[in-house]
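Report on one structure; see the data block that follows.
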Amino acid sequence: MPEILPSILAADFTRLGQHMAQAEAGGVNIFHLDVMDGRFAPNFSIGIPIVEAARRATKAKLDVHLMIVEPDRYVQTFIRAGADCVSVQQEACTHLDRTLRLIQSEGALAGVVLNPMTPVSTLHHALDIADYVLLMSVNPGFGGQKFIPYVLDKARALRDHRERLGLKFAIEIDGGITVDNISIVAEAGVDWFVAGSSVFGTPDPAAAVVAMRKAAASAALRNA
Ligand code: DX5
Ligand code: ZN
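Numbering (numbering that gives the first Met the number 0) for the sequence shown: 0 to 223.
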């Protein structure tokens with residue numbers, strides 16, 4: 000079943016808990032939280048206090064996307080703040096094997112993220128360890144950007160690789176996902192869909208979640 004992961008970067012921070020609850024009413028099992036350090040990504044976003052607040056605001060899982068350099072330094076801190084899933088940028092990890100295993104040793108799901116231009120081939124053995132792969136379909140840093148279509152080829156390659164080797168990782172995509180493009184993204188094999196502005200930027204976040212999940216589910220069925 001496809002998962003819609005509302006990215007709180009697009010939420011109204013003056014009423015974060017309420018806004019999350021509005022989206023959750025549409026059936027949300029995982030929220031996406033974007034952490035940026037102003038170095039890996041050209042922006043600052045949220046830190047530990049907001050992850051702790053989000054943890055208090057929902058029973059849904061928290062998927063923390065670390066767009067930071069040297070993520071090893073903070074993986075445990077974010078998990079102790081409430082992260083259930085932690086993803087690290089392949090481009091920011093010197094020792095990716097150790098980082099993924101560190102996340103898992105702390106009891107969280109370990110994800111590896113590829114920027115749009117980073118080839119899937121850089122993952123290779125990481126696919127045997129990672130619980131999920133997050134494909135950036137925008138350049139990290141901001142919500143509300145346009146979807147980058149060539150990333151679909153990477154999703155298809157990951158799906159085929161997963162099938163060929165009988166692996167279990169989930170495929171997540173992040174950036175520019177809307178109700179208009181989610182079908183073609185689902186047909187490419189994506190399981191988890193991060194959606195910021197197309198959920199929190201609408202007057203009815205729950206309806207946006209329902210509409211996107213429905214479109215993704217029927218596309219995935221067509222593709223089965
Ligand atoms: C961008 C973030 C994305 C972003 C998605 O650096 O990683 O998660 O919040 O926002 P939308 O869905 O508005 O493109
Ligand atoms: Zn993200």
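Ideal Cβ positions, reconstructed from N, Cα and C, are used throughout, including at glycine.
Closer than 7 Å to chain C by CB, residue i
{"i": "Asn114", "result": "Of the protein chains in this structure there is only one, and it is not chain C."}
Rounded separation between residue i and residue j - CA only
{"i": "Ser86", "j": "Leu32", "result": "10 Å"}
{"i": "Phe30", "j": "Arg163", "result": "30 Å"}
{"i": "Ile26", "j": "Glu2", "result": "Correcting the residue identity first, residue 26 is Gly in this sequence and not Ile. Cα to Cα, Gly26 sits roughly 9 Å from Glu2."}
{"i": "Asp71", "j": "Thr98", "result": "6 Å"}
{"i": "Val132", "j": "Gly37", "result": "23 Å"}
{"i": "Arg79", "j": "Ala107", "result": "10 Å"}
{"i": "Glu69", "j": "Ile7", "result": "23 Å"}
{"i": "Lys145", "j": "Ile181", "result": "13 Å"}
{"i": "Phe12", "j": "Phe43", "result": "14 Å"}
{"i": "Asp179", "j": "Lys60", "result": "26 Å"}
{"i": "Arg221", "j": "Arg158", "result": "15 Å"}
{"i": "Ala119", "j": "Arg161", "result": "A quick correction: the sequence has Val, not Ala, at residue 119. In a straight line, the C-alpha of Val119 is about 12 Å away from that of Arg161."}
{"i": "Val50", "j": "Ala82", "result": "7 Å"}
{"i": "Thr201", "j": "Pro5", "result": "12 Å"}
{"i": "Ala9", "j": "Asp96", "result": "32 Å"}
{"i": "Pro115", "j": "Gly175", "result": "12 Å"}
{"i": "Val238", "j": "Ala194", "result": "Nothing about residue 238 can be reported from this structure: the residues present for the chain run from 0 to 223 only."}
DSSP bridge partner residues for residue i (one or two, in chain order)
{"i": "Lys60", "result": "Ile29"}
{"i": "Pro5", "result": "Ala194"}
{"i": "Glu105", "result": "BP columns for Glu105 are empty, so no partner."}
{"i": "Met66", "result": "Met35"}
{"i": "Tyr131", "result": "Gly110 and Ala169"}
{"i": "Phe43", "result": "Asp36"}
{"i": "Gln88", "result": "Val112"}
Residue i versus the options, residue with shortest Cα-Cα distance
{"i": "Ala219", "options": "Pro204, Ser196, Pro202 and Phe192", "result": "Phe192"}
{"i": "Ile45", "options": "Phe141, Met135 and Cys92", "result": "Phe141"}
{"i": "Ile128", "options": "Ala206, Gly165 and Ile78", "result": "Gly165"}
{"i": "Ala123", "options": "Ala156, Pro139 and Met116", "result": "Residue 123 is actually His in this sequence, not Ala. For the residues Ala156, Pro139 and Met116, the minimum Cα distance to His123 belongs to Ala156."}
{"i": "Ala215", "options": "Asp203, Glu171, Leu61 and Gly200", "result": "Glu171"}
{"i": "Leu67", "options": "Val184, Thr93 and Ala53", "result": "Note that residue 67 corresponds to Ile in the displayed sequence, not to Leu. Here the closest residue by C-alpha is Thr93."}
{"i": "Thr76", "options": "Pro48, Ala91 and Arg100", "result": "Pro48"}
{"i": "Ala206", "options": "Gly175, Cys84, Glu23 and Arg161", "result": "Glu23"}
{"i": "Gln17", "options": "Asn42, Arg55 and Phe43", "result": "Arg55"}
{"i": "Arg84", "options": "Leu95, Asn222, Ile183 and Glu105", "result": "Note on identity: in this sequence residue 84 is Cys, with Arg being the wrong assignment. Selected option, being the one with the closest Cα: Glu105."}
{"i": "Arg14", "options": "Tyr149, Val137 and Ala52", "result": "Ala52"}
{"i": "Phe39", "options": "Ile147, Asn28, Pro139 and Leu95", "result": "Pro139"}
{"i": "Thr177", "options": "Arg161, Ala169 and Lys213", "result": "Lys213"}
{"i": "Arg203", "options": "Val50, Gln21 and Leu95", "result": "Sequence inspection shows Asp at residue 203; the Arg mentioned does not correspond to that position. If we check each option's Cα against that of Asp203, Gln21 comes out closest."}
{"i": "Phe168", "options": "Ala109, Asp152 and Pro41", "result": "Ala109"}
{"i": "Thr57", "options": "Asn28, Val74, Gly175 and Ala9", "result": "Asn28"}
{"i": "Ala91", "options": "Gly81, Ala82, Met0 and Thr121", "result": "Thr121"}
{"i": "Asp173", "options": "Leu101, Met135, Ile102 and Ala10", "result": "Met135"}
{"i": "Ile183", "options": "Asp159, Gln103 and Val150", "result": "Val150"}
{"i": "Thr117", "options": "Asp96, Val137 and Gly81", "result": "Val137"}
{"i": "Ala185", "options": "Thr201, Ile102 and Asp152", "result": "Asp152"}
{"i": "Asp130", "options": "Ala194, Ala223, Arg100 and Val74", "result": "Arg100"}
{"i": "Ala187", "options": "Ala223, Gly175 and Met211", "result": "Ala223"}
{"i": "Val63", "options": "Ala210, Pro41 and Ile102", "result": "Ile102"}
For residue j and residue i, believed in contact at Cβ under 8 Å, the rounded distance
{"i": "Leu65", "j": "Val111", "result": "Wrong, their Cβ atoms sit about 11 Å apart, outside the cutoff."}
{"i": "Asp198", "j": "Val208", "result": "Asp is not the amino acid found at residue 198; the sequence shown has Val there. That pair is a contact at about 6 Å."}
{"i": "Gln89", "j": "Leu113", "result": "6 Å"}
{"i": "Gly143", "j": "Ser196", "result": "4 Å"}
Residue i Cβ short of 6 Å to the ligand MN heavy atom set
{"i": "Pro5", "result": "Because the ligand MN does not appear in the structure shown, any question about it cannot be addressed here, the ligands present being the ligand DX5 and the ligand ZN."}
Kindly provide the chain-ordered list of residues whose Cβ lies closer than 5 Å to any non-hydrogen atom of the ligand ZN. A Cβ closer than 5 Å to some heavy atom of the ligand ZN marks a residue here, and those residues are Asp33, His64 and Asp173.
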